[in-house]
Every structure is written in structure tokens, then in C-alpha cells.
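Undergrad: Going by our numbering, the sequence shown runs without a break in its numbering and finishes at 380.
Following this message is one structure expressed as C-alpha cells.
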Amino acid sequence: MIIKGSFVLKPKIYFSENALSLLKDLSGHKAFIVADAIMQDLGYLQKTIDYLDEAGIKSEVFSDIYPDPDIALVANGIKKYSESEADVLIALGGGSAIDTAKAILYFESGFRNKNKVYKKPTFVAIPSTSGTGSEVTDFSVITSNDEKVCIVDNDISPDIAILDPTCIQHVPSRVVADTGIDVLVHSLEAYVSKDATDFTDALAEKAIQLIFENLEIIYKDINNIKARSHVHNASCMAGIAFTNTGLGINHSLAHAFGGKFHISHGRSNALMLKSVIEFNSGLKSTLDEYSSKKYSNIAKILNLPARTSREGVVSLISEIERLKKNIGIENSIRDIGIKEEDFSKEIEVMAETALKDRCTASNPKLPTKEDLIEIYNNCC
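What follows is the structure, given as C-alpha cells:
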């Protein structure tokens, strides 16, 4: 359990080019590898298997991963994992692969043979995108009946995180934009969370700075290894920060919206960001002292005009909008092709879902359902 005044950092983190080769030093007899098709197609799955072979570890692969993993996928994974009798669990791929592996680990205890003594496997996460920070968090997001459900449990946090920037060198520019903005939202929500601390603030501030300095660079040139490494590290830092602070309504709104209209998580977050900052800071009404000061402090770190808290918030929003434009992210829900009547039809249900989302509790300002409906409308 995480209590106020504590800071938890569980995984051992390795970050360098060719860090994947560290798998040669792993101990175990059999690995169950949860990998997405892209990692298989690009040859990273075979590299993983080869390194495990060198360590004397046999491998079994579960590669039926698809975006927005659901209960059916997890159930299939649990069955195969349980039958494998593996003592090492490896998640190789994007957020969907890592979330699936975490969910398998979480639910497997309910399906295993009660006569067997359960021993938690060594859990290794190797992200292939720079966005979720899932390699260091105790969060997993699974889709159930068109709703995204957050699983939060300390036991699903990986034991080892391998950040190898060569694993993200083939990421398409649109995915770079989606995942990079997700890092920014993770960092900002951790920074203004009511459970933020000096430790989480330090990580969030650095992650935000790295994103603004490097995301546009790799959006235009994914081969820039230095910028790619910085963004990959920023994703991990943001993950450590928010796993200790929780997130906020930006994610709650994005979960409900993305689940309903099947828009990528990062892009859903991006569409909500401006309106959420306006709400949290009280920019359009009475300025909220806590949130506005924190947002303004980020503006100062980014060397933006911030002589007052209000000016800092406005400057930060303007800089975020500039970044979004430069990496091809739409301005509004209408711009991504969702009809106003379709959106209006779902808005109340989405607001109710967002209000009950686990991320809402750590938002700096607790909203009503009407507040969330207004934020959604402001995103149109």
C-alpha cells in the first residue's frame, strides 16, 4: 500500500542502446513472452528468444495481442500462461502488450490450480513505444464492454524494466505523436496531483522538459538516437511519478472517450488537455491557487512568460497547442471526424464513466458530472 509521504520505486531499470542483451543474464527455466505482432515482424521477438537461449531459458510466445486488450484476450493469455509453467514473464511491445501481461499476472491467481504452490514469476517489461510508462507502473488498462477499466495493484509492477531505444526506432510518426503527448499528460497530471511530492515533482518536471525539447525532433526524424533516448527515458520518469501520485481527470475523460469512439489513448488525452488545464487552474473563473501555481511553474521551467500565475497558465497552454500542431495532433473532437450529434448522444454516459474512473480521485480539483460534461463540450 502507498501512503502519503512515501515514494515507491520497484523495478530495476536498464537504459542504453542494446540493453536488450541484458536478457542473457536472466535466471529461470522458462519464459512466457507476451509480444505484439510488430515486435515479431521487426525481429525483436527473435532477438529476445535468442538472448534467453543464451541464458539457458526456454521460451513460449503469446502473440495474439491487439490494441485495447479486452477480457477475452486476457482470459486466453491466462490459460496459456498457466499451462506453460513459466517462472519468467516477459512483456515485449507497446502499452497493449505490457497491459495484457500485467492483467494475466493479476487474474492468473484466480484461475490457477489451488493445489499448486504459487510463486510470482520474474516480470520483465520491454517497451517498444515511449508513452505509457507501463514498464514501471502498477497500472493496467483493459477494455470491458466498450469501457476502459483500470487495474491497480502493486504485484503487477514489473521487476525489471529494459529501456532500449533501438526498440523504438521503427515507430511511425503518428504513434510518436500519440505516445509522446501521453508522456506529457502523465507528467502534468502527476505534477498537479493532490498527492504530488518533492520526489514526484522532480521526475515530472524533468520528463516535461525532455518532451518539449525532443518530441518534435523524433517526430520529424525517428533516427535521432539522442532525442529518441531522451523521450524513452521521459516516458519512464513520468511512469514512476504517476504510479506514486495517481493521475487525474484528463485520463478519466480520455478513457471514457477513447473506449467509446475507439480513438487512441494518447490522442484522446491530447484532445482533453487544454480544457482540463483550464478547469484545474480555474482560468475561466476564479484562479485555483494550487494548480495555477504549479502549471505556472512549468511555464517558468520552459522559459515561457509567467510573471503571474495566470500568465504562466496561458503561456503553458499556448506552448502545448504549438507542440500539438507541430506533431500533427488535431485541435478538437470535430477535427478527428466525430459527428457532433454522435458525440452529444454519448456525452452524459461518458461523463458518468469518467466520474467513477479511478484516476479522478487524485485530480487536484474534484469535479461534478456537470463539470466533466462542460469539459467535453469545450473539446468539440
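Where is the CB? At the ideal position from N, CA and C, for every residue including glycine.
This structure is a prediction, so every number in the text was calculated from the model and none was measured.
Is DSSP giving residue 127 helix, strand or coil here?
TA: In the structure shown, residue 127 sits in a strand (DSSP, three-state: E or B).
Undergrad: DSSP state of residue 229, grouped into three classes?
TA: Note: residue 229 maps to helix in three-state DSSP.
Undergrad: Tell me the residue span of the alpha helix (DSSP H) that contains residue 134.
TA: Run containing residue 134: none; DSSP gives neither H nor E here.
Undergrad: On a Cα-Cα basis, can you pick out the residue from 126, 102, 73, 5 that is closest to residue 45?
TA: Per the Cα distances, 126.
Undergrad: Going by C-alpha to C-alpha distance, which of 91, 276, 231, 376 sits closest to residue 365?
TA: Selected option, being the one with the closest Cα: 276.
Undergrad: From what residue to what residue does the beta strand (DSSP E) around residue 191 run?
TA: Unbroken run through residue 191 is the alpha helix (DSSP H), 173–192; no beta strand (DSSP E).
Undergrad: From this set, 327, 337, 333, which residue's C-alpha is nearest residue 220's C-alpha?
TA: Of 327, 337, 333, the residue nearest in Cα terms is 327.
Undergrad: If you drop the 5 nearest sequence neighbours on each side, which residues of the same chain put their C-beta closer than 8 Å to that of residue 319?
TA: 212, 299, 302, 304.
Undergrad: Rounded to the nearest angstrom, what separates residue 27 and residue 331 at their Cα positions?
TA: Spanning the two alpha carbons is a distance of roughly 48 Å.
Undergrad: Are the stretch 290–297 and the stretch 185–192 in contact at 8 Å, needing three or more beta carbon pairs?
TA: The answer is yes - the stretch 185–192 touches the stretch 290–297, with three or more Cβ pairs under 8 Å.
Undergrad: Quick check on the DSSP output: what are the complete alpha helix (DSSP H) runs of length 4 or more inside the stretch 35–111, in order along the chain?
TA: With a minimum length of 4 residues, the continuous alpha helix (DSSP H) runs that stay inside the stretch 35–111 are 37–41, 44–54, 71–84, 95–111.
Undergrad: Mark residue 18 as exposed unless 16 or more other C-beta atoms lie within 10 angstroms of its C-beta, in which case mark it buried.
TA: Exposed, because fewer than 16 other Cβ atoms sit within 10 Å of the Cβ of residue 18.
Undergrad: What are the boundary residues of the alpha helix (DSSP H) that includes residue 316?
TA: Run containing residue 316: 309–326, per the alpha helix (DSSP H) assignment.
Undergrad: Can you tell me where the alpha helix (DSSP H) with residue 278 in it begins and where it stops?
TA: Its alpha helix (DSSP H) spans residues 265–281.
Undergrad: Quick one, are the C-beta atoms of residue 104 and residue 78 less than 8 Å apart?
TA: The answer is yes: Cβ separation under 8 Å.
Undergrad: Any idea what DSSP makes of residue 113, helix, strand or coil?
TA: Low per-residue confidence applies at residue 113: pLDDT is 49, beneath 50, and the placement is therefore not dependable, though the value from the model is reported in the following sentence. Residue 113: coil per DSSP, three-state reduction.
Undergrad: Among 246, 149, 182, which has the Cα closest to the Cα of residue 197?
TA: Nearest of 246, 149, 182 to residue 197, Cα basis: 246.
Undergrad: How about residue 138 and residue 152: are their beta carbons less than 8 Å apart?
TA: Yes.
Undergrad: Could you spell out the range, first to last residue, of the beta strand (DSSP E) harbouring residue 151?
TA: 147–152 is the extent of the beta strand (DSSP E) around residue 151.
Undergrad: Using 8 Å for Cβ pairs, my map puts residue 272 next to residue 379. What's the rounded Cβ distance?
TA: Sure, about 6 Å apart at Cβ, within 8 Å.
Undergrad: Alpha carbon to alpha carbon, how far is residue 333 from residue 324? Give it in angstroms, no decimals.
TA: Near 14 Å, if we compare the C-alpha coordinates of residue 333 and residue 324.
Undergrad: Out of curiosity, what's the CA-to-CA distance linking residue 259 and residue 13?
TA: Cα to Cα, residue 259 sits roughly 31 Å from residue 13.
Undergrad: Exposed or buried, residue 67, counting other C-beta atoms within 10 Å across all chains shown (16 or more means buried)?
TA: Exposed.
Undergrad: Please classify residue 339 as buried or exposed, where buried requires at least 16 other C-beta atoms within 10 Å of its C-beta.
TA: Counting Cβ neighbours within 10 Å, residue 339 comes out exposed, since fewer than 16 surround it.
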